[in-house]
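Okay, so the sequence shown: first residue is 1 according to the UniProt record's numbering, each after it adds one. Glycine included, C-beta positions come from ideal geometry on N, C-alpha and C. For reference, the structure is listed below as structure tokens.
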Amino acid sequence: MDRGGGGADEHLAKLATVISELSDQIHRTRTLATLLVSKSASIKSQAVHSTTGFVLRRFNVHLSQDEYNVELEKMNSSLATENHSLQHDNKQLNTLLKEYEQTLETVMSAFRGRALDVQLRELSIARHYEAQLLARESRSMEDQLSANSALSVIVARVSQRLRKVIRSMNGETPSSGTTPASLLLTDVDGGDFSVGGAGGGEREPEVWGATEDSDWALERECELERLAKENEELRRMIGLEPAGITFSSHRASSILPRSLGSRRPTGFGLRLGEKASGE
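Here you go:
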């Protein structure tokens with residue numbers, strides 16, 4: 001690889017030297033062409049003056065007609081010779097310019113091929129590293145998502161256990177044969193729900209269904225406690241119970257039927273008060 005790189009650098013250096021030499025020679029050729037154009041312009045002016053006879057009438061009045069004709073023939077022959085030489089020089093210059101153009105085209109084609117190879121290599125390297133970065137980012141996002149999901153499941157289970165502990169501390173005895181959640185998701189596609197039976201054994205409920213049911217159970221306990229206090233105050237106000245007797249939430253929960261687990265009770269305190277008044 002080093003030898004190949006050194007050879008390429010040497011080739012590029014030679015190409016740069018050839019290009020500089022060609023540029024210098026083109027500059028010299030342009031200078032010579034400019035000089036020739038200026039000389040041809042001066043010769044054209046002399047020819048115009050010779051044709052009109054203005055110069056001869058002004059500067060060569062001392063010459064005779066024969067001498068004038070001889071000088072005119074000499075000048076014409078010299079002009080013809082110079083024209084032939086200029087034409088030959090122009091042909092050579094045109095040939096050199098064509099050769100220079102071909103050389104420059106060859107050099108530029110080689111340079112364009114080399115630049116294209118380098119650009120394609122850089123693009124392939126960039127695509128490779130971009131693919132690696134995207135794969136790494138996707139893996140990290142998947143790992144983070146799985147970790148967050150596991151953490152959510154753990155938090156849900158801990159909250160469920162905590163609600164069970166709170167309910168047991170409040171004096172509620174959990175049923176031995178049923179799960180805390182009364183409704184379990186059985187068919188996600190069809191949207192059907194089934195009630196867990198008593199003989200089905202202990203099963204781990206769905207996390208989100210258990211969480212929702214536990215929230216409802218906690219709200220139910222809070223509502224029952226509030227209604228029990230209201231009923232106690234009502235009984236005390238109407239004189240049906242002594243001040244020392246309290247109405248426990250377990251009695252209210254025993255009054256409520258088990259089938260009311262799907263909706264929140266409303267107006268329960270008033271009904272209990274009416275029942276107490278009827279008693």
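Locate the alpha helix (DSSP H) running through residue i, then write down its first and last residues.
i: Met148; result: The question names Met, but residue 148 is Asn in the sequence shown. 65 to 169 is the extent of the alpha helix (DSSP H) around Asn148.
By alpha-carbon positions, which one of the options ends up nearest to residue i?
i: Ala80; options: Ala47, Ala147, Gly239; result: Ala47
i: Arg112; options: Leu218, Ala217, Asn231, Leu12; result: Leu12
i: His27; options: Lys14, Leu93, Asp9; result: Leu93
i: Lys39; options: Glu137, Ala135, Leu123, Glu82; result: Glu82
i: Thr106; options: Leu15, Glu233, Ser138; result: Leu15
Around the C-beta of residue i, are 16 or more other C-beta atoms found within 10 angstroms, so that it is buried, or is it exposed?
i: Arg235; result: buried
i: Gly191; result: Reliability fails at Gly191, whose pLDDT of 41 lies under 50, so the model's placement of it is uncertain and the value that follows must be treated cautiously. It counts as exposed.
i: Asn90; result: exposed
i: Asn170; result: exposed
i: Leu151; result: exposed
i: Arg264; result: Because the pLDDT at Arg264 is just 43, under 50, the model does not fix this residue reliably, and the point stays unresolved.
i: Gln65; result: exposed
i: Leu134; result: exposed
i: Arg203; result: Interpretation of Arg203 is limited by its pLDDT of 45, a score under 50 that renders its predicted location unreliable; no figure is taken from the coordinates.
i: Leu227; result: buried
i: Asn69; result: exposed
i: Asn231; result: buried
How many whole angstroms separate the CB atoms of residue i and residue j, which I take to be in contact at a CB cut-off of 8 Å?
i: Glu221; j: Arg167; result: 7 Å
i: Arg163; j: Ala217; result: 7 Å
Stretch pair the stretch 105 to 120 + the stretch 29 to 45: three plus CB contacts closer than 8 Å: Verdict: no, contact absent.
Under 8 Å: do the stretch 90 to 99 and the stretch 7 to 21 share three or more Cβ pairs, one atom per stretch? Contact check between the stretch 90 to 99 and the stretch 7 to 21: fewer than three CB pairs, one atom from each, fall below 8 Å, which does not count as touching.
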